[in-house]
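For what it's worth, the working numbering labels the leading residue of the sequence shown as 12, then goes sequentially.
For glycine and all other residues, C-beta sits at the position ideal for the given N, C-alpha and C.
Only a predicted model underlies this, so the values are computations on that prediction, with no experimental measurement involved.
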Amino acid sequence: MYLVVGSGPAGVSCARALLAQGHKVSMLDVGLRLEPEREAQLATLRAAPAAEWNGPSGAFLREGMESGAGGIPVKLTYGSSYPYRDAPGTTRVEFTHAKAGPSHAVGGLSTVWGSAVMPYRQNDMAAWPIAAQDLAPAYEAIFRWMPLSARRDDLALQFPLYCDHPQPLAMSRQARQLLASLSKSKTRLQRAGVSFGASRIAVAANGFSGADACVLCGLCMYGCPYRLIYCTDRAVEELKSDPNFSYIPGVAVRSVEETGAAVTVWAIDAAGDSVTYRAERVYLAAGVYATTAILLRSMNRFDRPVRLFDSQYFLLPILRAAGAGKVTEEKLHTLAQLFLEIEDSRISPYTIHLQTYTYNDLFKAPVESALGPLRSVFPLNSFLGRLLLFQGYLHSDHSAQMEARLNRMDAGDVLRVSGVRNPATRATMKKLVRKLIALSPSTGSMPMFPLLQIGEPGRGYHTGGSFPMHAQPADGQSDIYGRPVGFCRVHAVDSTVFPSIAATTITLTAMANAYRIASQLHQYS
Ligand SMILES: Cc1cc2nc3c(=O)[nH]c(=O)nc-3n(C[C@H](O)[C@H](O)[C@H](O)COP(=O)(O)OP(=O)(O)OC[C@H]3O[C@@H](n4cnc5c(N)ncnc54)[C@H](O)[C@@H]3O)c2cc1C
Ligand code: SF4
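Have a look at this one:
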C-alpha cells in the first residue's frame, strides 16, 4: 500500500498514476472544507437563475474580497478563508519580506487558484535533470481528466496543447480587440519574440454535467457557483469510487521514518492526538511549505536554512488606445483571457509569461480610490473600457528567492521564511517595460509603467526547489524520483523538488512531475 500526503494538484496526480498501475493508495490529508452554512448558500444560489447571482443572494460570494493597486491581498473563495487556515498538527509558517502561505484544504490551493496552465518549454528547464519530453506523457494524461479552456493557436508552436478536446470559453470584447491588434502586427511581434494566443485555463467551459455550462456571470474571482474552475477536491470525490483508493481527512503529517522495507508516518489527527501509519512508500504532496517542513523535521534539520526558488510575480496595468464600450454590463468570464509569451535574449534567456485580464469589478475600487474627489467628473466607464491588466511572471533565475528555517519552539515548530531580493529582477523588469512601450504602436496598448507592482517574494505562489532534483544528488537534493538524499521510500512529488521555476505557470508541471514519478515506480521499486 502506498500513502499520498495531500489532495492538491500534485497529490491527486500522483494518486491517479499509482491507481492506474493497479496499486492500493491511501491519501492522508488535513482536508479542511468550506463552512457548511456557506455550502448551503452556494447550493441555493446554484439552483437560482444565473441572472440573480450578482444580486443580494450572491452577495456572500464577495465577502472579505478587497482589491488595491497591488492586486487582491488575499484571494478568498465563496467568501471564505478556509483554504488558508491552520489545523491541529500543521506547521505555522511565518513570512518576513515575503508573502504566501500553505493550504490545508481538500484540493489545497486549487480551491483559489486562477487555473492558468501552460507546460514548461525545454529552454526554461535547463537546470532540470529530466527533459520536457519526459513530462509529455504526463501532461497528456492530466488533460484526460482535467478540463482545459484553450484554442489551437500560435502558442501551440512552442507550447504543445497536450489536449485533444479543449473547450474554449467565449472571449470578452476587450480581449477580442487586443487579439485583433496583436494579430494585425503578428509578423513584427514574432520578430520581436512575442507570441500570443487565447489563455489556457483549467475550466470546464461546457460544464461537468451538461446542464451547467459557463454562463459568463463574471464571478470567477469570487468562486464559480457551478464549480467550473477546476479544483482537485473534485478528483478526490471521483477517486473515492475506486476500490483501491481510500481518503483519510483530518490528518496532519508531521514526519516520516524509513524502517527496512516500510515507512512510518507520524501525524496528528483532528482531535490533536498522535496517530501513525505504515506503508511501502510515501509520496509527499503537501505543498512546498508543508512538504519542506515535514522533510526538515524528519531529517532532524532544525534551524538550518534551505533555499526556495520563486517565479517573480508582477502586475502591470495597460491602457488601450481604443476602448470597448459598456464593459461593466458585459457578460464575460474574469479569469485570464489571453497569454503573451516573450522570448528576447536581450531581456532574459527564458520565457517571460504575461496573462491578460480584461474588466472585472475588482478593477473599479482601486481606480476610484486613485481618483479621489475627481471621481464624479471622471469618465470612469470609458476608462475601464480601455484598462487591462498584465499579470506577469519571470523565470526563477531572475526572481527573488526565499530562505526557510524550521525552528523548534515550545509552542510548536515554526517554518520561518524570509525573502532574499535578486538585483536581476528590477533590471529585467526595466528592459521588459521598455520593450512593451516600444511595441505599443503594434499592440495598440500602452503600459502604465509608474503603476507597475513587483510582488513580494512568494506572492505569486509559484515557489519550490527546497530539495531540488539532480542527476547525482548531493546532501539537500533529491534524485529524479523526488527522493531526498537519505531516503529510499519517501518521495517529494510537489514543487519542493523543482530545480528551477519557469515563468509559464507552475501547477501543471507540478502535476505532470508528480504523475511522472508515480508512473515510473517500476524503475525504482
Ligand atoms: C490566489 C492563487 C492563485 C493561483 N493561480 C495559479 C494559476 O493560475 N496557475 C498556477 O499554475 N498556479 C496558481 N497558483 C498556485 C497553485 O495553486 C499551487 O501551485 C498548487 O495548488 C500547488 O499544488 P500542490 O498539490 O503542490 O499543493 P497544495 O495545492 O498546496 O495542496 C496541499 C495539500 O496538502 C495538504 N496538506 C498540507 N499540509 C499537510 C500535512 N502536514 N499533512 C497532510 N496533508 C497536508 C492540504 O490539505 C492540501 O490538500 C495560485 C495560487 C494562489 C494562492
Ligand atoms: S463566468 Fe466564471 S464564475 Fe461564471 S459560470 Fe463561467 S467560470 Fe463560472
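- If the five residues before and after residue 439 are omitted, its C-beta is found closer than 7 Å to the C-beta atoms of 358, 359, 405 and 409, all from its own chain and listed in chain order.
- Scanning the region 227 to 312 for uninterrupted beta strand (DSSP E) segments of 3 residues or longer gives 256 to 260, 262 to 270, 273 to 280, 285 to 290 and 292 to 295, listed from N- to C-terminal end.
- Contact between residue 260 and residue 42 is confirmed by a C-beta separation of about 3 Å, below the 8 Å threshold.
- Under the DSSP definition of a beta bridge, residue 209 partners with 349.
- Linking residue 433 to residue 342 through their CA atoms gives a straight-line distance of about 41 Å.
- According to the DSSP assignment, residue 192 belongs to the alpha helix (DSSP H) that extends over 184 to 195.
- Residue 129 is not bridged by DSSP to any residue.
- Residue 240 has its CB nearer than 7 Å to a heavy atom of ligand 2.
- In the DSSP assignment, residue 22 falls within the unbroken alpha helix (DSSP H) covering 20 to 31.
- Not one heavy atom of ligand 1 lies closer than 7 Å to the C-beta of residue 526.
- Using a Cβ distance threshold of 8 Å, residue 306 and residue 503 count as a contacting pair.
- Closest option to residue 490, judged by alpha-carbon separation, among 144, 480, 506 and 498: 480.
- Residue 236 and residue 284 have their C-alpha atoms spaced approximately 36 Å apart.
- Out of 446, 448 and 319, the CA that lies nearest to the CA of residue 427 is found in 319.
- Counting other Cβ atoms within 10 Å of its Cβ, residue 77 stays below 16 and is therefore classed as exposed.
- DSSP, read as helix, strand or coil, puts residue 482 in coil.
- Looking at the DSSP output, residue 115 sits in no beta bridge, so it has no partner there.
- Straight-line spacing of the CA atoms in residue 344 and residue 124 works out to 15 Å.
- The beta-carbon distance between residue 518 and residue 20, rounded to whole angstroms, is 5 Å. This is short enough to meet the 8 Å contact definition.
- Rounded to the nearest angstrom, the gap between the Cα atoms of residue 528 and residue 139 is 14 Å.
- Counting only residues of its own chain and dropping the five nearest sequence neighbours on each side, residue 507 has a CB closer than 7 Å to the CB of 299, 302, 303, 475, 477 and 478.
- In this structure, residue 430 sits away from residue 415, with a CB-CB distance that is not shorter than 8 Å.
- Under the three-state reduction of DSSP output, residue 418 falls in the strand class.
- Looking only at 256, 217, 251 and 257, the smallest Cα-Cα distance to residue 241 is reached by 217.
- By the 16-neighbour rule on beta-carbons within 10 angstroms, residue 115 is buried.
- The beta strand (DSSP E) runs lying completely inside the region 338 to 392 and spanning 3 residues or more are 349 to 353 and 363 to 368, given in chain order.
- For the pair residue 296 and residue 496, the Cα-to-Cα distance works out to about 17 Å.
- Looking from the CA of residue 459, the closest CA among 80, 31 and 67 belongs to 80.
- At least one heavy atom of ligand 1 lies less than 7 Å from the C-beta of residue 296.
- Shown here for residue 423: same chain residues with a beta carbon closer than 7 Å to its own, the five before and five after excluded, namely 103 in chain order.
- When the five nearest sequence neighbours on each side are left out, the beta carbons in the same chain lying within less than 8 Å of the beta carbon of residue 446 are those of 203, 353, 355 and 358, in order along the chain.
- Taking each of 310, 34 and 238 in turn and checking the Cα distance to residue 268, the smallest one comes out for 310.
- One thing to note: residue 160 has its Cβ within 8 Å of the Cβ of residue 212.
- In the DSSP assignment, residue 329 falls within the unbroken beta strand (DSSP E) covering 324 to 331.
- The beta carbon of residue 111 sits closer than 7 Å to the beta carbons of 469, 470, 472 and 474 from its chain, once the five residues preceding and following it are set aside; these are given in chain order.
- Minimum Cα-Cα distance from residue 196 among the listed residues 531, 249 and 451 corresponds to 451.
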